[in-house]
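Under numbering that gives the first Met the number 0, think of the first position of the sequence shown as 0, with each following residue one higher. Since the structure comes first, as structure tokens, the remarks are kept for the end.
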Amino acid sequence: MHSLCHTSTVRHGDVKTFDVPRFCGDSMQLVVCLFVVLSCLHHVSRASHPTLRVRVSPPFQPLEFKEGIKQDLTVRVELQNSTLNATHVLQDDFTLYLFVKPEVEWRLKVISQNPLYFNKTDIVKRTNKTFTIIGEVLGYSNLTFYSVDSLAGLQGNNGSVIRDGFRIVVLRYLVLMDKVFLGIIIGLVSINHVNMGCTLDLRVILAVLRKPIGPVVGFLCQFLIMPLLSFGTSLLLIEEPLYRLGLFALGCSPGGTSSNFWTLLLDGDVNLSVVMTMLSTIAALGMLPLWMYSLGPHLYNTQGITIPYDKMILSLIALSLPLGIGILIKAKKPSWASVIVKMIKPITLLIILVIMTVGIYNSLYVFYLLSWGIVGAGLITAWGGFFFGAFFAWLFKLERKQIIAVSIETAFQNAGVAFLMLRLSLTEPDGDLASVSCIAQLSVVGPPLWVALLLLHTRKRISRLCYPDDPLPVTPVPLGTVNLAADVLENDLVKGRVDVDNNLDKVTHLENRGDGGSDVPMNKDGEMGPEEATRGDVSIAGSEVTSGDNKPALV
């Protein structure tokens, strides 16, 4: 058997047949020649039909712009796919208008001449020309370059696309005024915490810690209800993973100091509010990473998440230190504390207004990034916090003031912890973008409280008009909640009236002593008998605390 490569000659009579392998070789040569010819034709075609391209400087992507800062973008137009010089390819009257269009026009703005004019000389000499662009709102955007033969061709962007997909990223730019505002807010909040310390009562705080029903309810609402609520609403209503992560991070954060201010303004239990804020900050050292590493990966890649433990510890110190100063002032200088307590509500209201104004000013960019889904998710999470906090506090039979404190504490998170965690864990501008949903929730948590504050003051105003002879609200204390401790009666009751400004909390959480040491005569069932027990100018009759002139004692 012969190989196909073996050359052989076959004779049939006097006729010589052709050589098969030689025929194959000739065919291959023909194919190669044809390929060379087609390649030459292709190059000739490309040389005779050159295309234009745009070179951009700086060339690296994404190109970073600072928010509100002008930046130049240098461009030049060159021939592409041409082995000939532009002098021989382009006609003498060649003109081209280069037009640049941002993908998101409200994020980037071209403030220089647009389009730029190029003629044959500009292209031959590779002349550089400049677009001046300013970043308006943080985020990402692409630039697209169009070429047209005349200005009329720019109408409707009918030009030919020379280059698209040039990536631009706009970053936040913090000016000096932002840092000044931040310092002012920190100073005002610290001063107001000193003021709040003058209203606290260590005995009441210790009583809350000994019987921590309120703090336990607040803990369950803060670290069980809020994380699950923010997780569910973000999945249902928000499409962007970064925004989902931001809302969830805020939902997992501890209680914020604003809850203490609002609890004070709405006549809630300030002692309980402060205790819950401090305990939730301590608990967040473990609960925040637990939620972020368990449910966080379902929203975004949280492997690189950095938990700001130092920020939470600093928040705890920043809260406890001014409060301690206020408590010390109350103990050493009660006259000073009395003056501070009378001024604390107007000061607190002013501080909240300043924080709102500065916050809106620094977060104007957020309004460009909001969507109905983000606003809806923030609203459901915030108002759900009010509802579930009040519901569970009522379910555990807490008092009205405690219900107010738990409800407000549940809805308010420490936004500073969430912001810092996002910015430490994500690159720019992703950290700022993730904070958008946090700001959205913070912007909708306040309106219900303003309405409640307006209704409360309206009610007090009407009460003063209807009862002009009794300017202070009179509340009879049920028999079962009174503990006639001798020190409280001697210090707090003067001629049958209670010093509301200084010592209100000392008699609001008192209980009956059913033991033999009670100052109130008790029957065998531990209830007050029909006899009246008197001490000084105060007597207890029936089911109310009354003064010697048979008027209810103020509590």
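From the three backbone atoms N, C-alpha and C, an ideal C-beta is built for every residue, glycine too. Since the structure is predicted, the reported quantities are computational estimates derived from the model, not experimental observations.
Answer with buried or exposed for F230, where buried requires no fewer than 16 other C-beta atoms within 10 angstroms of its C-beta.
buried
Going residue by residue through the segment 233–288, where are the continuous alpha helix (DSSP H) segments of at least 4 residues, counting only ones entirely within it?
240–250, 257–264
Leaving out five residues before and five after T232 in sequence, what residues of the same chain have Cβ atoms less than 6 Å from its Cβ?
A376, I379, T380
Answer yes if the segment 277–285 comes into contact with the segment 386–404, meaning at least three C-beta pairs across the two stretches below 8 Å, and no otherwise.
By the criterion of at least three beta-carbon pairs nearer than 8 Å, the segment 386–404 is not in contact with the segment 277–285.
Closer than 8 Å is the cut-off here; do at least three beta carbon pairs connect the segment 412–424 with the segment 249–257?
yes
Can you name the start and end residues of the alpha helix (DSSP H) that P637 belongs to?
Since the first residue shown for the chain is 0 and the last is 554, residue 637 is missing from the structure and cannot be characterised.
Answer yes or no: do W105 and E135 have a C-beta to C-beta separation smaller than 9 Å?
Yes. Within cutoff.
I69: buried (16+ other C-beta within 10 angstroms of its C-beta) or exposed?
Going by the sequence as given, residue 69 is Lys instead of Ile. Counting of Cβ neighbours within 10 angstroms places K69 among the exposed residues, the total staying below 16.
Compare the C-alpha of L592 against each of L187, F247, K329, L369 and name the closest.
Since the first and last residues shown for the chain are 0 and 554, residue 592 lies out of range.
Answer yes or no: does any C-beta atom of chain D fall closer than 9 Å to that of L223?
Protein chain content of the structure displayed is limited to a single chain, and chain D is not contained in it.
Is the beta carbon of F98 sitting closer than 9 Å to the one on N113?
yes
Tell me, please, which residues DSSP counts as bridged to P101.
L142
Figure out for me which residue from N141, L227, P321 has the closest Cα to the Cα of L287.
L227
According to DSSP, is D200 helix, strand or coil?
coil
Check whether the segment 425–441 and the segment 451–461 are in contact - that is, three or more C-beta pairs closer than 8 Å.
no
Closer than 8 Å is the cut-off here; do at least three beta carbon pairs connect the segment 318–329 with the segment 262–277?
yes
Closer than 7 Å by C-beta to P447: which residues in its own chain qualify, once you throw out the five before and the five after it? Chain order, please.
W382, F385
Among residues of its own chain, excluding the 5 on either side of I212, which ones have a beta-carbon nearer than 8 Å to its beta-carbon?
F395, L397
Could you spell out where the alpha helix (DSSP H) holding F385 opens and where it closes?
371–394
To the nearest angstrom, how far is it from the Cα of V435 to the Cα of L369?
Going by the C-alpha atoms only, they are around 7 Å apart.
Return yes when the Cβ of L419 is within less than 9 Å of the Cβ of K344, no when it is not.
no
Would you list the one or two residues that DSSP bridges to K210?
Per DSSP, none; premise fails for K210.
Below 9 Å between beta carbons: does that hold for L51 and I161?
Yes. Within cutoff.
Starting from Y116, follow the beta strand (DSSP E) in both directions and report where the run begins and ends.
115–118
Go through its chain and collect everything with a Cβ distance to W335's Cβ below 6 Å, but skip five positions before and after it.
I328
Mark Y96 as exposed unless 16 or more other C-beta atoms lie within 10 angstroms of its C-beta, in which case mark it buried.
With 16 or more other CB atoms across the displayed protein chains lying within 10 angstroms of its CB, Y96 is buried.
Can you round the beta-carbon distance between C251 and M291 to whole angstroms, since I take them to be within the 8 Å contact cut?
6 Å
One question on the structure: do F144 and D121 come within less than 9 Å of each other, judged by their Cβ atoms?
Against a cut-off of 9 Å, the Cβ pair of D121 and F144 comes out as no contact.
Could you check if T73 is buried or exposed, using at least 16 other CB atoms within 10 Å of its CB as the buried criterion?
exposed
For D268, which residues from the same chain have a beta carbon less than 6 Å from its beta carbon, with the 5 sequence-adjacent residues on both sides left out?
K400, Q401, A404
Does DSSP classify Y96 as helix, strand or coil?
strand
Grab me the residues of S159's own chain with a C-beta within less than 7 Å of its C-beta, minus the 5 sequence neighbours each way, in chain order.
Y145, S146
Of the residues F64, Q60, E408, L235, which one's Cα is nearest the Cα of T262?
E408
Sort out for me which residues DSSP pairs Q60 with in a bridge.
None, per the DSSP bridge assignment.
Assuming F391 and V216 form a contact by the criterion Cβ under 8 Å, report the distance between their Cβ atoms to the nearest whole angstrom.
5 Å
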